[in-house]
Amino acid sequence: MASNIGMMDSAYFVGRNEILTWINSTLHLNLSRIEEAASGAVQCQMMDMTYPGVVPMHKVNFDAKTEYDMIQNYKILQDVFNKLKIDKHIEVNRLVKGRPLDNLEFLQWLKRYCDSVNGGIMNENYNPVERRCKGGKDRNLRCSIKGSKSLQTNIVNHSGSGTTLNSNPTSGAKQIRPSGVENEANSSPEIEALAQQVADLKIAMGHLEKERDFYFAKLRDIEILCQASEVDNNPMTVATKKILYADDAKESALDEALGYLNQTLNAVQDEAETEA
189 MASNIGMMDS
199 AYFVGRNEIL
209 TWINSTLHLN
219 LSRIEEAASG
229 AVQCQMMDMT
239 YPGVVPMHKV
249 NFDAKTEYDM
259 IQNYKILQDV
269 FNKLKIDKHI
279 EVNRLVKGRP
289 LDNLEFLQWL
299 KRYCDSVNGG
309 IMNENYNPVE
319 RRCKGGKDRN
329 LRCSIKGSKS
339 LQTNIVNHSG
349 SGTTLNSNPT
359 SGAKQIRPSG
369 VENEANSSPE
379 IEALAQQVAD
389 LKIAMGHLEK
399 ERDFYFAKLR
409 DIEILCQASE
419 VDNNPMTVAT
429 KKILYADDAK
439 ESALDEALGY
449 LNQTLNAVQD
459 EAETEA
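If you count the sequence shown from 1, you need to add 188 to reach my numbering.
Structural data, given as structure tokens:
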């Protein structure tokens, strides 16, 4: 099944929002960005839900933040693929970088594969939250690729429990904030929205480039075939070349090719009748 999911399969035209909705609703998560699934833990649990008991969930690290820890998760996933004889090579070195397009493509493939198993009907008895606890404490997948994001989360947690971190040793000292901080905070949602738009445009552009390369490769194969000496003077070959090498502004390339082909075939037919 995996080998039948080509790059032009409809699976690769599923949008980012649909993929995130699929992950969040299926695994009871709250991911907001594709990059948050770059650790490989989400993919492991998707396979665990599709094939219960096959994935050693106690080995999956849902708190993976370093590339080393992420690679270990993908090793587990690749072992599962090999065990299930799924012909799919995982581009680990690209996925752990957290680039949206690479991770989106892999998740698109994963959704297509999971949907193909049992018609996409999920096991109602599967408890994703409980399965994530098998390795120890309950874990939160709302983690960031950057370590600074994790540090900010820890600071907030400490503040909520009554423990505050103060860089000023003098207790009760009034903190002076730069005048631009408030403006920056107000503009951050707008900046995030623009950044998301840029990310979406990059994903869309990547799909268009792949589609372009796909059809260009086909045209190039046809051109090479037409250049073979054995068929170079064949009427069908000549007609095909008229279409391949037509100017962009020339809208009658097909009509010209068909006219040439009909004329040639009629001439051959007349010659055959004359000889007869």
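Glycine included, C-beta positions come from ideal geometry on N, C-alpha and C.
Is the Cβ-Cβ distance between residue i and residue j less than 8 Å?
i, j, result
"residue 215", "residue 230", "yes"
"residue 527", "residue 416", "Because the chain here runs from 189 to 464, residue 527 falls outside it and cannot be looked at."
"residue 271", "residue 242", "yes"
"residue 391", "residue 292", "yes"
"residue 258", "residue 220", "no"
"residue 249", "residue 260", "yes"
"residue 204", "residue 388", "yes"
"residue 395", "residue 256", "no"
Going by C-alpha distance, which of the options is nearest residue i?
i, options, result
"residue 433", "447, 414, 450, 449", "414"
"residue 310", "290, 259, 240, 376", "240"
"residue 210", "265, 268, 299, 248", "299"
"residue 246", "205, 417, 213, 321", "321"
"residue 446", "377, 375, 394, 423", "423"
"residue 236", "305, 395, 452, 462", "305"
"residue 425", "449, 317, 403", "449"
"residue 222", "443, 289, 379", "289"
"residue 316", "375, 276, 213, 409", "213"
"residue 319", "375, 217, 301", "217"
"residue 444", "454, 378, 279, 429", "429"
"residue 287", "384, 452, 269", "384"
"residue 297", "312, 314, 313, 274", "274"
Drop a sphere of 10 angstroms on the beta-carbon of residue i, count the other beta-carbons inside from all chains shown, and report buried for 16 or more, exposed for fewer.
i, result
"residue 238", "buried"
"residue 225", "buried"
"residue 295", "buried"
"residue 421", "exposed"
"residue 347", "In this prediction, residue 347 scores a pLDDT of 44, lower than 50, which makes its location untrustworthy; no coordinate-derived value is stated."
"residue 252", "buried"
"residue 301", "buried"
"residue 207", "buried"
"residue 386", "exposed"
"residue 268", "buried"
"residue 405", "exposed"
"residue 381", "exposed"
Could you give the residue range of the alpha helix (DSSP H) that holds residue i?
i, result
"residue 440", "Counting along the chain, residue 440 falls outside any alpha helix (DSSP H), and DSSP gives it neither H nor E."
"residue 222", "Segment: none, residue 222 is in no alpha helix (DSSP H) and carries neither H nor E."
"residue 428", "423–432"
"residue 264", "255–271"
"residue 417", "First-last for residue 417: undefined, no H or E at that position."
"residue 301", "288–304"
"residue 215", "204–215"
"residue 232", "229–238"
"residue 315", "That residue, residue 315, is in no alpha helix (DSSP H); it is neither H nor E in DSSP."
"residue 280", "280–283"
Answer yes or no: does any C-beta atom of chain B fall closer than 8 Å to that of residue i?
i, result
"residue 284", "Checking the listed chains, one finds no chain B in this structure; it contains a single protein chain."
Sufficient close CB pairs (3 or more, under 8 Å) joining the region 268–284 to the region 229–247: yes
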